[in-house]
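Asker: So the protein sequences, as listed, match chains A and B. Here the numbering used here is used: the first residue of the first sequence is 166, the next is one more, and so on. Here the numbering used here is used: the first residue of the second sequence is 166, the next is one more, and so on. Glycine included, C-beta positions come from ideal geometry on N, C-alpha and C. Please read through the structure below; I'll follow up with questions.
2 protein chains.
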Amino acid sequence: MQERNRILRVATENLLKKNDIKKVIVLLDKLHPADAAEIVSSLSEENQKRIFESWDVPHAADTLQEMDESEQVDIVELLSTPLVADIIEDMAADDVADLLGGLSKRDQERILTAMERKDAVEAMKLMAHKADTAGGLMTPEFIALTKGMAAQDSIELLRKKAPTAETIYYVFVVNKDNQLIGVMSLRDLIIAKPTERIENIMNPNVIFVDVNTDQEEVASVMSRYDLLALPVVDQEHHLLGIITIDDVVDVIEEEASEDIYRLGGVPREERLDIPISLSIRYRLPWMVFNLATAFLAAGVVSLFEKSIAKVVILAVFMPIVAGMGGNMGTQALTVVTRGIALGQLEFKKGLRVIAREIGIGSAIGFVTGVITAIIAYFIGANPYLGLVLFLAMIINLGIAGFSGAGIPIILRLLNQDPALGSGVIVTTFTDVFGFLSFLGLATLLIKLLI
Amino acid sequence: MQERNRILRVATENLLKKNDIKKVIVLLDKLHPADAAEIVSSLSEENQKRIFESWDVPHAADTLQEMDESEQVDIVELLSTPLVADIIEDMAADDVADLLGGLSKRDQERILTAMERKDAVEAMKLMAHKADTAGGLMTPEFIALTKGMAAQDSIELLRKKAPTAETIYYVFVVNKDNQLIGVMSLRDLIIAKPTERIENIMNPNVIFVDVNTDQEEVASVMSRYDLLALPVVDQEHHLLGIITIDDVVDVIEEEASEDIYRLGGVPREERLDIPISLSIRYRLPWMVFNLATAFLAAGVVSLFEKSIAKVVILAVFMPIVAGMGGNMGTQALTVVTRGIALGQLEFKKGLRVIAREIGIGSAIGFVTGVITAIIAYFIGANPYLGLVLFLAMIINLGIAGFSGAGIPIILRLLNQDPALGSGVIVTTFTDVFGFLSFLGLATLLIKLLI
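Here it is as structure tokens:
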């Protein structure tokens with residue numbers, strides 16, 4: 166929380182202690198709804214209830230709209246059904262659908278029943294789309310002009326309708342069957358001659374997405390073409406809604422968090438502010454899976470117990486080979502996964518990228534292998550151990566490059582998220598092959614090492 | 166590259182083989198500049214030169230503007246100075262500054278000298294700001310209204326000036342000293358009564374940033390308040406420029422990539438499409454540093470050579486304790502680093518977060534420790550080895566939580582990037598303490614283990 170909001174929060178709490186709800190509301194109404202939302206979210210449930218019950222509906226709706234979905238759900242559960250219905254009717258349709266989607270079936274029903282029929286039907290239509298598709302992001306509150314209108318009449322129409330439409334920075338043009346045929350910016354409209362016809366001003370090369378498009382693709386289209394709003398159509402090219410850039414900014418941050426979490430092996434539900442018991446429950450299955458892979462690596466070591474018994478120093482150098490492989494594999498994995506996420510990696514180049522990472526890995530294995538062998542020699546190890554370290558390092562770092570690049574590419578070909586679980590698979594590879602190459606070579610040359 | 170662009174690229178290459186530059190240009194002019202840029206970037210240098218030399222300046226400028234900075238630099242180096250100056254004068258001022266910033270001092274000078282004086286001065290002013298600050302992102306091409314104007318006159322002014330200003334979706338209002346005093350959207354303006362004065366329509370609570378604000382902060386303000394444009398002021402509150410949302414979308418993706426790369430231990434310059442020799446050179450120093458930390462962990466193991474010689478199975482279980490610590494540390498690191506990046510983590514809560522992760526680590530260490538001990542027992546290991554494994558697991562996973570949460574928080578307190586190098590420091594911690602706790606406990610109980 167920023168310093169200013171922290172001060173305002175203390176002021177709010179003092180007013181609440183004095184039961185001066187009116188002054189609290191005057192204070193909150195002066196703030197940007199995003200700030201009001203942050204302050205209200207930090208208050209006790211009882212105080213949240215008192216504020217929302219005395220608030221005027223438009224301000225309450227603006228503030229609720231700015232909260233996280235989980236905070237919205239908490240507040241909705243505090244309030245009476247008619248009050249929730251009133252507030253929700255004042256929110257943007259796409260936000261309503263997201264909020265209702267987070268509630269239990271029973272809560273959804275009681276609120277939808279209390280809402281005006283038209284708003285309820287609209288919300289239900291939007292809820293039918295998956296949250297992470299274009300349909301789940303779009304709002305049906307937009308203004309479409311029909312192609313025969315004149316510029317001046319269009320501006321008049323916008324003047325009348327604008328207050329209810331989420332955005333009018335782009336104006337979309339449809340034919341009489343409501344099929345999308347063009348786009349223009351509000352700027353094009355106001356700089357046009359007043360009598361000019363819309364069809365002569367509009368750009369017919371309008372960029373759009375299908376209602377089932379994945380949100381990652383939506384974000385990439387809007388970012389590629391620098392769009393503020395993107396129209397969404399069904400299979401017959403009917404205009405269903407628009408997606409605005411502010412929702413896409415959230416999507417980009419969400420997708421980046423998802424990738425970072427997946428690479429770090431963290432479940433997506435994890436957050437710093439959830440109870441510790443929940444964090445343990447979320448992370449435990451993953452750590453048990455990690456344990457299974459760790460036993461796999463240990464199993465490889467156990468194959469060479471006899472060699473280690475003869476040459477104990479092998480146990481000292483063993484973690485170096487495996488650890489360097491893990492680092493190299495993580496580097497390759499990071500570069501390739503990010504390349505896939507940003508669309509820099511074409512499918513056909515997959516094999517070339519894998520070959521590239523094998524090359525980088527072997528080259529780095531060569532250099533660090535030489536360094537390791539020299540250090541081993543100077544701390545008094547058998548010179549042949551240096552040779553084994555050198556060779557194992559080249560092999561394992563080459564394999565690290567192969568698995569770090571290959572695993573996300575294969576997951577992608579199988580239509581899975583390339584970041585999902587890749588980290589642990591790669592380090593299992595580098596552990597297993599690190600121990601196998603180092604201890605295996607040592608066993609082959611065991612007579613020279615004793 | 167998308168399928169459609171791949172087909173268009175082949176068509177372009179065929180036309181170039183027939184030397185039909187005119188048709189190539191007709192084809193490119195029909196595309197969105199982002200698509201034209203992708204196709205042109207994929208052609209040979211010779212063909213790029215031919216196209217740009219025959220292109221009309223506005224289309225060439227639109228296309229160049231959509232390219233990556235490195236692609237822009239490559240093209241600029243192909244063309245004659247007067248042509249480059251012409252094209253650049255047609256680009257948005259902030260893009261010009263970014264492009265020139267990527268050139269050598271000599272190239273900058275020859276191009277600036279060839280540009281019109283006014284444009285050159287403007288570009289130099291912008292280049293004086295650091296690229297990753299508000300000043301580096303802003304464009305000076307905006308329209309500011311003065312407070313006394315009427316709505317109708319303002320629209321007239323916009324009609325005249327709009328074609329040269331980068332965005333007019335928000336209109337900023339200044340006083341006679343050019344100090345920022347308000348904001349309104351184009352939408353507010355066109356729905357206002359024509360005779361209404363600007364000062365009565367505008368919102369005086371305008372959100373702005375100082376010219377030296379870091380780009381991460383700029384992105385967070387724009388995303389928090391859902392802004393399409395953000396005004397930039399100097400210390401005396403003079404309006405210097407505006408930042409548009411499309412530039413911020415790029416910043417968000419850039420910052421996410423940076424965090425992902427840092428967590429993965431990948432140098433920021435690394436990309437899939439650079440020469441392999443360059444990749445090796447970028448990654449090698451980091452891997453040599455990793456090698457040093459690996460030797461540190463190996464040094465710990467060497468302290469216990471005698472114990473391993475007596476009980477060889479220690480070498481088998483050793484990687485399990487260290488590896489599980491590494492996984493747990495990476496999870497904690499990922500959650501805390503992302504929390505810091507998204508502003509979810511307040512400074513004062515730092516200690517609580519560290520305690521939280523120690524708790525999660527120990528709890529998961531308890532469960533996986535029990536599982537490990539049971540498995541060890543069933544594969545015939547000494548029961549006391551199970552006890553050692555169990556205790557070492559709790560200790561090391563607790564330490565993993567401590568270092569995974571503590572290291573980024575400490576880096577942040579030192580004003581360093583919390584993701585920078587954290588990964589390797591955390592795994593060094595978990596390796597060292599993993600070996601130390603497991604082999605140390607085993608050495609204490611060595612008589613029971615033989």
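Would you tell me roughly how many angstroms separate the C-alpha atoms of glutamate 435/B and aspartate 227/B, rounded to the nearest one?
Answerer: Reading the second sequence from its first residue, position 270 is the one you call residue 435/B. Reading the second sequence from its first residue, position 62 is the one you call residue 227/B. Each residue's Cα considered, the two are about 28 Å apart.
Asker: Got a sec, what are the start and stop residues for the alpha helix (DSSP H) glycine 430/A sits in?
Answerer: What you label residue 430/A is simply residue 265 of the first sequence in a count that begins at 1. Segment: none, glycine 430/A is in no alpha helix (DSSP H) and carries neither H nor E.
Asker: Less than 9 Å between CB atoms is the rule here; does histidine 197/A satisfy it with respect to chain B?
Answerer: Within the first sequence, residue 197/A is the residue found at index 32, counting from 1. Yes, contact with chain B.
Asker: By the DSSP assignment, the beta strand (DSSP E) with phenylalanine 337/B in it spans what residues?
Answerer: To locate residue 337/B, count along the second sequence from 1; it is residue 172. Unbroken beta strand (DSSP E) run through phenylalanine 337/B: 335-339.
Asker: I think isoleucine 216/B touches arginine 174/B, with their Cβ atoms under 8 Å apart; what is that distance to the nearest whole Å?
Answerer: As a working note, residue 216/B is residue 51 in the second sequence. As a working note, residue 174/B is residue 9 in the second sequence. About 13 Å; that fails the 8 Å criterion.
Asker: Which residue comes first and which comes last in the alpha helix (DSSP H) that contains alanine 357/A?
Answerer: Residue numbering aside, residue 357/A sits at position 192 when the first sequence is read from its first letter. Here alanine 357/A belongs to no alpha helix (DSSP H), and DSSP marks it neither H nor E.
Asker: How close, in whole Å, do the beta carbons of leucine 405/B and methionine 303/B come, if the pair is a contact with beta carbons under 8 Å?
Answerer: Sequence index remark: in the second sequence, residue 405/B carries index 240 (1-based). Sequence index remark: in the second sequence, residue 303/B carries index 138 (1-based). Right, their Cβ atoms sit about 7 Å apart.
Asker: Just checking my contact of phenylalanine 229/B with aspartate 259/B at CB under 8 Å: how many whole Å lie between their CB atoms?
Answerer: Along the second sequence, one-based indexing puts residue 229/B at 64. Along the second sequence, one-based indexing puts residue 259/B at 94. This sequence places leucine at residue 229/B; phenylalanine is not what is there. That belief does not hold up - the Cβ atoms of leucine 229/B and aspartate 259/B are roughly 14 Å apart, past 8 Å.
Asker: Going along the region 436-454 of chain A in order, which residues come within less than 9 Å of chain B, judged by CB to CB distance?
Answerer: Arg436, Leu437, Asp438, Ile441, Ser442, Ser444, Ile445, Arg448, Leu449, Trp451, Met452 and Val453
Asker: Express the C-alpha separation of serine 350/A and lysine 270/A in angstroms, rounding to a whole number.
Answerer: Here residue 270/A corresponds to residue number 105 of the first sequence, with the count starting at 1. Here residue 350/A corresponds to residue number 185 of the first sequence, with the count starting at 1. Approximately 40 Å, taken between the alpha carbons.
Asker: Go through the region 237-265 of chain B residue by residue and report every complete run of the alpha helix (DSSP H) that reaches 4 residues or more, in order.
Answerer: 246-254
Asker: Bridge partners for alanine 315/A per DSSP, in chain order?
Answerer: On the first sequence, residue 315/A is found 150 positions in, with the first residue counted as 1. Looking at the DSSP assignment, alanine 315/A forms a beta bridge with Arg362/A.
Asker: DSSP three-state label for asparagine 580/A, please.
Answerer: Your numbering for residue 580/A matches position 415 in the first sequence. Here asparagine 580/A sits in coil by DSSP.
Asker: Can you tell me which residues form a DSSP beta bridge with glutamine 344/B?
Answerer: As a first step, residue 344/B is located in the second sequence; it is residue number 179 there, counting from the start. His403/B.
Asker: Residues in the region 537-570 of chain B with C-beta within 8 Å of chain A's C-beta atoms, listed in sequence order?
Answerer: Thr537 and Ile540
Asker: Using a Cβ cut-off of 7 Å, pull out every chain A residue sitting near serine 158/B, in sequence order please.
Answerer: In this structure chain B extends from 166 to 615, so residue 158/B is not present and cannot be described.
Asker: Among residues of its own chain, excluding the 5 on either side of serine 472/B, which ones have a beta-carbon nearer than 7 Å to its beta-carbon?
Answerer: Position 307 of the second sequence, counted from the start, is the residue given in the question as residue 472/B. Cβ within range, chain order: Leu479, Leu604, Ala607, Thr608 and Ile611.
Asker: Does DSSP put asparagine 636/B in a helix, a strand or coil?
Answerer: No information on residue 636/B is available, as it lies outside the stretch 166 to 615 that chain B covers here.
Asker: Less than 8 Å between C-beta atoms, sequence neighbours within five positions excluded: which residues of the same chain meet that for alanine 315/B?
Answerer: Here residue 315/B corresponds to residue number 150 of the second sequence, with the count starting at 1. These residues qualify, in order along the chain: Pro359, Thr360, Glu361, Arg362 and Ile363.
Asker: Could you list the residues in the region 408-432 of chain B with a C-beta less than 8 Å from some C-beta on chain A, going in chain order?
Answerer: Ile410, Asp411, Val413, Val414, Asp415, Ile417, Glu418, Ala421, Ser422, Asp424, Ile425, Tyr426, Leu428, Gly429, Gly430 and Val431
Asker: What are the start and end residues of the beta strand (DSSP E) that includes alanine 201/B?
Answerer: Taking the first residue of the second sequence as 1, we reach residue 201/B at position 36. No beta strand (DSSP E) contains alanine 201/B, which is instead part of the alpha helix (DSSP H) from 198-206.
Asker: Compare the C-beta of threonine 499/B against all C-beta atoms of chain A and say whether one is closer than 9 Å.
Answerer: On the second sequence, position 334 is the one that residue 499/B refers to. Chain A, which has a Cβ nearer than 9 Å to the Cβ of threonine 499/B, makes this yes.
Asker: Taking valine 501/A as the reference, which of Met489/A, Gly488/A, Gly491/A and Gly515/A has the closest Cα?
Answerer: Within the first sequence, residue 501/A is the residue found at index 336, counting from 1. Comparing alpha carbon positions, the residue from Met489/A, Gly488/A, Gly491/A and Gly515/A closest to valine 501/A is Gly515/A.
Asker: Isoleucine 572/B CB to nearest chain E CB: under 9 Å?
Answerer: Included in the structure are the protein chains A and B, with no chain E among them.
Asker: Please identify the residue among Ile190/B, Val238/B, Ala199/B and Ser207/B whose C-alpha is closest to the C-alpha of serine 219/B.
Answerer: For the purposes of this step, residue 219/B is taken as residue 54 along the second sequence, with counting starting at 1. Here the closest residue by C-alpha is Ile190/B.
Asker: Please work out which residues of its chain come closer than 8 Å, Cβ to Cβ, to valine 518/A, disregarding the five sequence neighbours upstream and downstream, and give them in chain order.
Answerer: The sequence position of residue 518/A within the first sequence is 353, counting from 1. Cβ neighbours of valine 518/A beyond the five flanking positions: Val501, Gly504, Leu510, Ala570 and Ile574.
Asker: Is it true that the CB of isoleucine 564/A sits closer than 9 Å to the CB of serine 602/A?
Answerer: Residue numbering aside, residue 602/A sits at position 437 when the first sequence is read from its first letter. Residue numbering aside, residue 564/A sits at position 399 when the first sequence is read from its first letter. Result yes, Cβ atoms of serine 602/A and isoleucine 564/A sit closer than 9 Å.
Asker: If you run the structure through DSSP and keep just helix, strand and coil, what is leucine 510/A?
Answerer: In the first sequence, residue 510/A corresponds to position 345, counting from 1. If DSSP states are grouped into helix, strand and coil, leucine 510/A belongs with coil.
Asker: May I have a chain-ordered list of the beta strand (DSSP E) segments no shorter than 3 residues that lie completely inside the region 373-457 of chain B?
Answerer: 394-398 and 404-409
Asker: For my contact list, valine 374/A and alanine 299/A are in at a C-beta cut-off of 8 Å; report their separation, rounded to the angstrom.
Answerer: Your numbering for residue 374/A matches position 209 in the first sequence. Your numbering for residue 299/A matches position 134 in the first sequence. Contact holds; Cβ gap of about 5 Å.
Asker: Which same chain residues, not among the five before or five after aspartate 297/A, have their C-beta less than 7 Å away from its C-beta?
Answerer: Mapped onto the first sequence, residue 297/A falls at position 132. Asp379 and Gln380, listed in sequence order.
Asker: Nearest-angstrom Cα distance between methionine 166/A and methionine 232/B?
Answerer: Translated into the one-based positions of the first sequence, residue 166/A becomes position 1. Translated into the one-based positions of the second sequence, residue 232/B becomes position 67. Its pLDDT being 49, under 50, methionine 166/A is placed unreliably in this model, and the value from its coordinates should be taken loosely. Taking the straight line joining both Cα atoms gives about 38 Å.
Asker: Residue range of the alpha helix (DSSP H) that lysine 616/A falls in?
Answerer: Within the shown structure, residues of chain A are numbered from 166 to 615, placing residue 616/A beyond reach of any answer.
Asker: So with CB distances below 8 Å, who are the chain B contacts of serine 388/A?
Answerer: Position 223 of the first sequence, counted from the first residue, corresponds to residue 388/A. At a beta-carbon threshold of 8 Å, the residues of chain B lying near serine 388/A are Asp411, Val414, Asp415 and Glu418, ordered along the chain.
Asker: Mapping the DSSP letters down to three states, classify serine 269/A as helix, strand or coil.
Answerer: As a working mapping, residue 269/A is identified with position 104 in the first sequence. Residue state, collapsed to three classes: coil.
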